[in-house]
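Read through the structure below, which is laid out as structure tokens, and then see the notes.
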Amino acid sequence: MTDYTQPARVRVAPSPTGHMHLGTARTALYDYLLARKTGGQFILRVEDTDLKRTVPGAEQEIVDGLRWLGLNYDEGPDVGGPFGPYRQTERREIYQQHADILVDRGHAYPCFCTPERLDQMRREQQARKETLHYDGTCRRLGPDEAARRVAQGERHVIRFKMPREGATVAHDHLRGDISIENKNLDDYVLIKSDGLPTYHLAAMVDDHLMQITHVLRGSEWLGTFPLHVNVVRAFGWGEPVWIHLSVFLKPSGKGKLSKRDAEHAMRDGYSVFIKDMEDLGFTPEGVLNWMALMGWGVPEDDVMSLDQMIKRFSIDNLTPSPAAINFAKLDHFNGTHIRLLSDAELAGRIKPFLVGAGFSINDELLLKVAPLIRERLVTLDDCVAFAGFFFKEDVRPSRDELIAKGLDAKQSAAVGRAAYAILSALPDLDHQTVEGPLRAYVDRSGLSANQVFGILRVAITGQKVSPPLFESIAIIGKEKCLERLKKAIDILEGS
RNA sequence: GCCCCCAUCGUCUAGGGGCCCAGGACGAAGCCCUCUCAAGGCUUAAACUGGAGUUCGAAUCUCCAUGGGGGCACCA
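Structure, rendered in structure tokens:
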């Protein structure tokens, strides 16, 4: 069992190389939960050492995404902190110094092999069906010669000198000891020829210097996990708790998400990118709840707010197996959290979608509409379809839809006229005053409630599916309702 | 090809030797409620990958097989 009385320092360390996706967001969530649960710190560190792949705006997207989700970090490139800088390109010298330490101690060495030679080497190994490996040419160089060539400015990288004998045992919190023969590990590059570190050095150095206690990362790092442990041990540092989170699989469960899957999701109104979630009408609460439960299980009561997750979270309950993404469940959690919103909160959240649809919004009216559509929304943008008619000057019901099942146009028009007479006789229209007389009419007419209210619904809302009729009538008001009814009767009676 | 990891309903999962002829959630089906659509309530179908062991007893421990996933860069 894990001790949650010691403050944990955890970090999410994305590379600004593309859109922030679910995997990164879920790691950030677990980081955040652990930090908040223990009273520790949650840190954002930007791993931007691959200049070729860095894309402008990607870092901002990460910052925006975390903020939208409500996963506020205590230290990061834009907020600072006592262990900065938090952008790896700004920590160049630190990595260089640490690489030097390793070289001095004989745990690393300069390598002068050119990419061309390395390519050739790999091709030959492949032809011989050997495991791809650095062949150790520069590992065999004497330290004096190596130092001389470095001093002369010869282009080189720094490689880690992996032990060749024995095995490395690394401990993952979810999987236990992971053992690998050292001969299966390679002399990985620590510092590239551009002077910037690779992940293998940078992340280890930063995690140590930033006093990270728990490293949560994707299981794609499992392969190089023993290497990382060796690097840390070469420095003589203590190890954090290592937690390798499972990857997300495409909805079919066959393989991990590809660019194609991302596009496919978009066509269905879903996304694997956090930046899209807001526009698609998803709420941070829903997305968070959904992500949390892919890789973490609770026995019951799985609808949780962030605070509730903090209370219940434990790294001991994380699951090591891959999880297929299930968008239907995102819909479910989103709708569930929408239903938990107050009228005012919901009104505020749906307003941008209505405005975006071209409606001018009266806030007082919106506040009355919110409770009527709340349990009908799966995503926030559904409000346009459900409530747009409240904000229209007039509606355009179709003649076909105005005709009730089992009736013809003339009979339907008669229903309209009867309703018109009833409503115009009432001093004002609210739920109580409207329902009684209309139901009495249903009884008198010998028609079904479905038929009568169906006609009125289409006449007044312009659509076959709408929020409850009486409440809608009350909100729209007598004048407009009668107007719309009149128009519907005209449509029905016209040729 | 080599290395590593994983394995409970279709999906996400609970489970840590007897509380399990396996619990919850999504999805599906049915019923109830009902002015439409939802929401809500109730109900049903649906799983321990296989084989050996250990044990009085295995979904739980071990081994093997199978299946799935990840990785084998001067990317992270």
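If you read the first sequence in the working numbering, its first letter stands for residue 2, the second for the next number, and so on.
Yeah, the Cβ is synthetic: ideal placement off N, Cα and C, and Gly gets one too.
Contact check for T284 against L403 fails: the beta carbons are separated by 8 Å or more.
Around the beta-carbon of G463, 16 or more other beta-carbon atoms lie within 10 Å, marking it buried. A distance below 6 Å between beta-carbons, with the five flanking residues on each side excluded, links A348 to the following residues of its chain, in chain order: L367, L368, A371. Per the C-alpha coordinates, the member of P198, G19, I213 positioned closest to F84 is I213. By the Cβ test, the segment 60-79 is in contact with the segment 6-20, since at least three Cβ pairs between them sit closer than 8 Å.
Contact between R12 and R37 is ruled out by a C-beta separation of about 14 Å, above the 8 Å threshold. Classified as buried, N290 has 16 or more neighbouring CB atoms from the shown chains inside 10 Å of its CB. Counted as a single uninterrupted DSSP element, the stretch harbouring T39 is not any beta strand (DSSP E) but the alpha helix (DSSP H) occupying residues 23-39. For V459, the secondary structure class from DSSP, reduced to helix, strand or coil, is helix. The DSSP assignment places 93-105 as complete runs of the alpha helix (DSSP H) inside the segment 92-121, in order along the chain (cut-off: 4 residues). In the displayed model, L67 falls within a helix according to three-state DSSP.
In this structure, L197 and T90 form a Cβ contact; the two beta carbons are roughly 7 Å apart against a cut-off of 8 Å. Pairwise C-beta distances place the segment 209-228 in contact with the segment 169-187, as three or more of them are shorter than 8 Å.
Across the structure, T28 and M295 are spaced so that their CA atoms are roughly 11 Å apart. Secondary structure note for D173: its beta strand (DSSP E) is the uninterrupted segment 168-173. Judged by pairs of C-beta atoms under 8 Å, the segment 384-401 touches the segment 459-476, as three or more such pairs exist.
Relative to D280, the option among G41, D383, L493, E117 whose CA is nearest is D383.
Collapsing the DSSP output to three states places K257 in a strand. Sorting N335, R313, V216 by C-alpha distance to the C-alpha of I244 places V216 at the top. For G40, the number of other beta carbons within 10 angstroms of its own is below 16, and it is reported as exposed. Contact annotation: the segment 320-330 does not touch the segment 349-367, with fewer than three C-beta pairs closer than 8 Å. Remark: C-beta atoms of L23 and V273 approach each other more closely than 8 Å.
Runs of the beta strand (DSSP E) spanning 3 or more residues and lying entirely within the segment 233-305 occur at 242-246, in chain order. Shown here for A9: same chain residues with a beta carbon closer than 7 Å to its own, the five before and five after excluded, namely L35, A36, T39, G41, T214, H215 in chain order. Segment contact: the segment 301-311 against the segment 254-268, fewer than three CB-CB distances shorter than 8 Å; contact not assigned. Within the same chain, and ignoring the five residues on either side of E155 in sequence, the residues whose Cβ sits closer than 8 Å to its Cβ are F113. Sequence-distant partners of P438 (beyond 5 residues in either direction) whose C-beta falls short of 6 Å from its own C-beta, in its chain, are I423. Uninterrupted alpha helix (DSSP H) stretches at least 4 residues long and entirely within the segment 420-464 occur at 432-446, 450-462, given in chain order.
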